[in-house]
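Counting from 1, position 17 in the sequence shown corresponds to residue 17 in the UniProt record's numbering; the numbering is continuous, with no gaps. Beta carbons are placed, not taken as given, at the ideal position from N, Cα and C, and that holds for glycine.
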Amino acid sequence: MTTTVTNASSAKALFSYTPGRTMKRLLQDRLGMFCLIGLLFFVFIGVLAQFWTPKDPSAQDLLNRLQSPSAEYWLGTDAVGRDILSRLMIATGVDLAAAALAVGIGIIAGASLGLMAGYFGGALDSFTSRVSDVLMSLPPLLFAVAIVGALGPSLTNAMIAIGVLLAPRFFRLVRVSTREIISEDYVEAARSGGAGPIRIVARHVAPNIVSPLLIQISFGASVAIVAESGLSFLGLGVQPPTASWGSMVKEGFDNLAINGWTIIPSSVMIVVSILLLSLFGDSLRDAVGSQGGSKA
Numbered sequence: 001m002t003t004t005v006t007n008a009s010s011a012k013a014l015f016s017y018t019p020g021r022t023m024k025r026l027l028q029d030r031l032g033m034f035c036l037i038g039l040l041f042f043v044f045i046g047v048l049a050q051f052w053t054p055k056d057p058s059a060q061d062l063l064n065r066l067q068s069p070s071a072e073y074w075l076g077t078d079a080v081g082r083d084i085l086s087r088l089m090i091a092t093g094v095d096l097a098a099a100a101l102a103v104g105i106g107i108i109a110g111a112s113l114g115l116m117a118g119y120f121g122g123a124l125d126s127f128t129s130r131v132s133d134v135l136m137s138l139p140p141l142l143f144a145v146a147i148v149g150a151l152g153p154s155l156t157n158a159m160i161a162i163g164v165l166l167a168p169r170f171f172r173l174v175r176v177s178t179r180e181i182i183s184e185d186y187v188e189a190a191r192s193g194g195a196g197p198i199r200i201v202a203r204h205v206a207p208n209i210v211s212p213l214l215i216q217i218s219f220g221a222s223v224a225i226v227a228e229s230g231l232s233f234l235g236l237g238v239q240p241p242t243a244s245w246g247s248m249v250k251e252g253f254d255n256l257a258i259n260g261w262t263i264i265p266s267s268v269m270i271v272v273s274i275l276l277l278s279l280f281g282d283s284l285r286d287a288v289g290s291q292g293g294s295k296a
């Protein structure tokens, strides 16, 4: 049986279906909303740290170095007497900004190429797919270390390396999604009605790749945080005196025999942030998957 659907009505139905039902199911997921609130709290801490911290995060007090939590220093002090709580707040903003930079690079490079490869196909599709396969076959950490070694150790260079590693994942997701969408009847109807590539991408392709792209962003952010922490631990990421979770873990590790507490706060932040991002990504995937099931 053949069904004829007008361009305007099909676009409207598809657009309202995808984000609306995804959001509705996500709001009903208590675990997903708890994770979202937790992530927003992290963002709030990172923004707040740019304007206020309990103490000067760079102020050194050698008489109170490596202190355990107390009324004056709620999370203790590091090896040179700096307040760990204040530095942890600053590090939260640094890590979130670093993750956003890496994911942004991955989306700009990967999603844009995936969109073009999926829509136009041909030689462009073949070439970009082979480049993506090569990048995904490289050992991630060694590749990141090589890029940082060539560009010089810094947080920005580290995130460029991570963004390049994330790009193939965004590329594959967007490419496959685009090819599936443009094969639908309503896209063929749009072409027959005289719609050009830009109009088709804007009205039909883009709204339908938002949900899966958000899922990939949540997982990509967790990968970026882990990678940043690892590179900063090795001294290839953020440079002193700037604080990040990875550099604070390194500082705590160096003084583990004197005061093991100093490694705990930053380690907890890494674990909790990754857990929140992963669980939120699972909840978002379930919402999108349930939506797709009802469509079928």
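Provide the residue(s) that pair with residue 77 in DSSP beta bridges, ordered along the chain. Looking at the DSSP assignment, residue 77 forms a beta bridge with 83.
If you run the structure through DSSP and keep just helix, strand and coil, what is residue 185? Looking at residue 185 - three-state DSSP - the assignment turns out to be helix.
In or out: residue 156 buried (at least 16 other Cβ within 10 Å) or exposed? Counting Cβ neighbours within 10 Å, residue 156 comes out exposed, since fewer than 16 surround it.
Pairwise C-alpha distance: residue 246 and residue 230: Per the coordinates, the alpha-carbon of residue 230 lies some 6 Å from the alpha-carbon of residue 246.
Is residue 42 helix, strand or coil by DSSP? The answer is helix: DSSP assigns residue 42 an H, G or I state.
Is the distance from the Cβ of residue 326 to the Cβ of residue 93 below 8 Å? Summary: the structure shown does not reach residue 326, with the chain confined to residues 1 through 296, and so no result is reported for it.
Touching or not, the stretch 125 to 132 and the stretch 74 to 84, by the rule of three or more beta carbon pairs under 8 Å? Under the 8 Å Cβ criterion, the stretch 125 to 132 does not count as touching the stretch 74 to 84, having fewer than three qualifying pairs.
Could you say which of 166, 287, 282 and 276 lies nearest to residue 43 if we only look at CA atoms? Nearest C-alpha to residue 43: 276.
How about residue 66 and residue 242: are their beta carbons less than 8 Å apart? By the CB criterion at 8 Å, residue 66 and residue 242 fall outside the cutoff.
So the candidates are 269, 161 and 136; which of them puts its Cα closest to the Cα of residue 146? That would be 161, whose Cα lies nearest to the Cα of residue 146.
For residue 236, decide whether its Cβ has a neighbour in chain B, counting only Cβ atoms nearer than 8 Å. In the structure shown, chain B does not exist; there is a single protein chain.
Burial state of residue 188, where buried means 16 or more other Cβ atoms lie within 10 Å: Counting Cβ neighbours within 10 Å, residue 188 comes out exposed, since fewer than 16 surround it.
Whether residue 114 touches residue 173 by CB criterion (8 Å): In contact: residue 114 and residue 173 (Cβ atoms closer than 8 Å).
Backbone CA spacing between residue 72 and residue 106 [nearest angstrom]: Computed Cα separation, rounded: 42 Å.
On the premise that residue 228 lies in contact with residue 159, defined as a C-beta separation below 8 Å, what is that separation, rounded to the nearest angstrom? That belief holds up - the Cβ atoms of residue 159 and residue 228 are roughly 7 Å apart, short of 8 Å.
From residue 55 to residue 233, what distance separates their C-alpha atoms? Computed Cα separation, rounded: 24 Å.
Considering only the beta carbon of each residue, do residue 102 and residue 190 sit closer than 8 Å? No, the Cβ-Cβ distance between residue 102 and residue 190 is not below 8 Å.
Beta carbon of residue 49, beta carbon of residue 90: below 8 Å? A contact, by the Cβ cut-off of 8 Å.
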